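Note that the sequence shown covers residues 8 to 343 in the numbering used here. Ideal Cβ positions, reconstructed from N, Cα and C, are used throughout, including at glycine. Model, not experiment: these values are computed from the prediction. Worksheet for the structure shown next.
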Amino acid sequence: MFQKRALITGITGQDGAYLAKFLIEKGYKVTGTYRRSSTRNFWRLHYLDVKKDISLLPVDLLDQTSIMHALREVEPDEVYNLAAQSFVGDSFAEPQATAEITGIGSLRVLDSIRFLNPNIRFYQASTSEMYGNANQTGQSENTPFHPASPYANAKLFAHWNVVNYRKAYNLFATTGILFNHESPIRGIDFVTKKITDGVARIKLGMSEKLLLGNLEAKRDWGFAGDYVKAMWMMMQQSVADDYVIATGETHSVREFCEAAFSRVGLDYTKYVEVDKKFLRPHDVVFLKGDPSKAKRILGWDPSETSFISLVNMMVDADMEKYQNPERQMKQFLKHI
Ligand code: NAP
Ligand code: GDD
Numbered sequence: 008m009f010q011k012r013a014l015i016t017g018i019t020g021q022d023g024a025y026l027a028k029f030l031i032e033k034g035y036k037v038t039g040t041y042r043r044s045s046t047r048n049f050w051r052l053h054y055l056d057v058k059k060d061i062s063l064l065p066v067d068l069l070d071q072t073s074i075m076h077a078l079r080e081v082e083p084d085e086v087y088n089l090a091a092q093s094f095v096g097d098s099f100a101e102p103q104a105t106a107e108i109t110g111i112g113s114l115r116v117l118d119s120i121r122f123l124n125p126n127i128r129f130y131q132a133s134t135s136e137m138y139g140n141a142n143q144t145g146q147s148e149n150t151p152f153h154p155a156s157p158y159a160n161a162k163l164f165a166h167w168n169v170v171n172y173r174k175a176y177n178l179f180a181t182t183g184i185l186f187n188h189e190s191p192i193r194g195i196d197f198v199t200k201k202i203t204d205g206v207a208r209i210k211l212g213m214s215e216k217l218l219l220g221n222l223e224a225k226r227d228w229g230f231a232g233d234y235v236k237a238m239w240m241m242m243q244q245s246v247a248d249d250y251v252i253a254t255g256e257t258h259s260v261r262e263f264c265e266a267a268f269s270r271v272g273l274d275y276t277k278y279v280e281v282d283k284k285f286l287r288p289h290d291v292v293f294l295k296g297d298p299s300k301a302k303r304i305l306g307w308d309p310s311e312t313s314f315i316s317l318v319n320m321m322v323d324a325d326m327e328k329y330q331n332p333e334r335q336m337k338q339f340l341k342h343i
């Protein structure tokens with residue numbers, strides 16, 4: 008039977024791991040790329056129990072040869088370009104590295120596909136950060152972009168290259184403009200995971216305070232497991248296009264704190280403090296997506312996981328992580 012082949016750049020990240028799981032369940036042969044480093048970073052693949060079902064190849068988006076090698080080796084039908092320096096806060100400290108990896112890195116993948124096999128379908132992980140602060144009522148595919156960080160600038164460069172390559176070279180190159188999506192395997196630097204990890208530590212007496220930055224920033228937070236399904240749906244269409252993927256709801260960081268602390272019976276105002284160190288030179292203060300197009304054309308349902316169930320899922324996973332560390336370690340050791 009014909010088995011589709013997918014190549015996922017950035018499979019060691021949150022979305023890479025969820026997408027790998029989703030595609031394996033769909034019957035794909037999945038290969039993922041990882042960065043060579045002194046310590047292996049496969050814990051998310053173990054957590055979702057997919058490491059044994061995938062192949063891995065070393066690729067750095069800074070190195071076109073490694074990208075071309077992976078494409079020749081795998082001969083994928085679909086490439087999902089998820090790799091990026093994805094932390095907005097760090098992009099202010101490392102603007103050039105962010106531009107190189109997140110911006111030009113995507114172009115390297117696109118150009119490699121154009122030269123090696125223009126029939127490969129390409130997905131680009133675009134972002135709601137590209138909207139910046141210009142529109143504070145809600146954002147759709149027609150909302151103008153006003154990026155407010157080196158990360159958003161790099162993503163916008165990548166985004167427009169995909170749109171232009173689609174037209175110029177007739178590539179099946181699609182973009183998902185994804186709003187924030189979270190999960191128990193979200194990176195610890197991002198605010199939701201920092202909060203839920205902090206809640207568990209405080210509840211279990213391992214910590215006394217949680218220091219955060221801008222509590223009034225609002226985000227449209229969904230569950231990563233629901234969002235990778237939308238990526239795949241975009242790739243199955245007859246024409247490539249751009250789609251907003253969001254819940255259509257917005258909540259402040261303060262509201263997230265309130266919900267997360269109350270999950271374990273605590274009042275957030277007693278533990279959360281603002282530390283200027285976590286304020287950004289320029290912050291995006293309001294994001295709320297309009298996913299009508301994805302709903303209409305893809306049939307994607309934005310409401311599979313509610314805000315409260317997302318918060319509870321993350322808090323519960325962090326409580327479990329500290330209460331049952333042996334269980335996690337056993338699961339991990341089983342695979343190495
Ligand atoms: P993530 O957890 O930070 O994962 C990023 C991945 O990129 C990791 O596998 C990382 O490898 C890899 N990477 C970093 N630099 C690289 C390089 N030079 N060469 C090759 N790989 C490199 O991000 P995520 O949350 O899964 O997000 C996936 C993508 O969606 C990213 O492009 C992100 O910008 C975008 N996005 C995310 C969201 C969201 O809310 N999660 C929303 C919109 C768009 P290491 O493990 O070695 O660091
Ligand atoms: N990280 C972090 N740490 N953010 C904080 C903190 C803190 O201590 N305190 C307040 N915040 C605020 C940030 O200023 C921002 O307004 C909001 O919380 C969300 O920050 P992050 O969780 O770091 O996410 P992000 O919105 O900047 O970026 C994420 O979502 C984008 C999609 O909109 C990342 O996943 C990006 O890669 C993604 O493109």
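- Task: Provide the residue span of the beta strand (DSSP E) that contains Ala132, from first to last.
- Result: Arg128 to Thr134
- DSSP-derived helix/strand/coil call for Gly139: coil
- Task: Find the nearest neighbour of Tyr275 within the set Asp282, Glu265, Val281 and Lys283, judged by alpha-carbon distance.
- Result: Glu265
- Query: By a C-beta neighbour count over all protein chains shown, 10 Å radius and 16 as the cutoff for buried, is His188 buried or exposed?
  - Reply: buried
- Message: Quick check on Gln10: does DSSP put it in helix, strand or coil?
- Response: In the three-state DSSP reduction, Gln10 falls in the coil class, being neither helix nor strand.
- Message: Just list the residues that DSSP pairs Gln146 with in beta bridges.
- Response: Gly296
- Query: What residue does the beta strand (DSSP E) around Pro5 start on, and which one ends it?
  - Reply: Any question about residue 5 goes unanswered here, given that the chain covers just 8 to 343.
- Query: Looking at Phe254 and the ligand GDD, is the gap between the Cβ and the nearest heavy atom below 7 Å?
  - Reply: According to the sequence displayed, residue 254 carries Thr and not Phe. For the ligand GDD, not one heavy atom lies less than 7 Å from the Cβ of Thr254.
- Item | Cβ pair Val86, Val116 closer than 8 Å | yes
- Message: For a minimum of 3 consecutive residues, which ranges assigned as the beta strand (DSSP E) are wholly contained in the region 19-46?
- Response: For the region 19-46, whole beta strand (DSSP E) runs of length 3 or above, ordered along the chain, are 36-41.
- Item | C-beta atoms of Thr16 and Leu52 nearer than 8 Å | no
- Message: Whether or not the region 240-256 and the region 294-310 are in contact is what I'm after, with contact meaning three or more pairs of Cβ atoms, one per stretch, closer than 8 Å; do they touch?
- Response: Per the Cβ contact rule, the region 294-310 is in contact with the region 240-256 (3 or more Cβ pairs under 8 Å).
- Task: For Asn331, count neighbouring C-beta atoms within 10 Å of its own C-beta (all shown protein chains included) and say buried if the count is 16 or more, exposed if not.
- Result: It is exposed - the Cβ of Asn331 has fewer than 16 other Cβ atoms within 10 Å.
- Item | Proximity test, Lys201 beta-carbon vs the ligand PLP heavy atom, cut-off 7 Å | As for the ligand PLP, it is missing from this structure, which binds only the ligand NAP and the ligand GDD.
- What's the C-alpha gap between Leu123 and Arg79? 8 Å
- Who are the near neighbours of Met326 in its chain, counting only those whose CB is closer than 6 Å to its CB and skipping five residues on each side? Ala207
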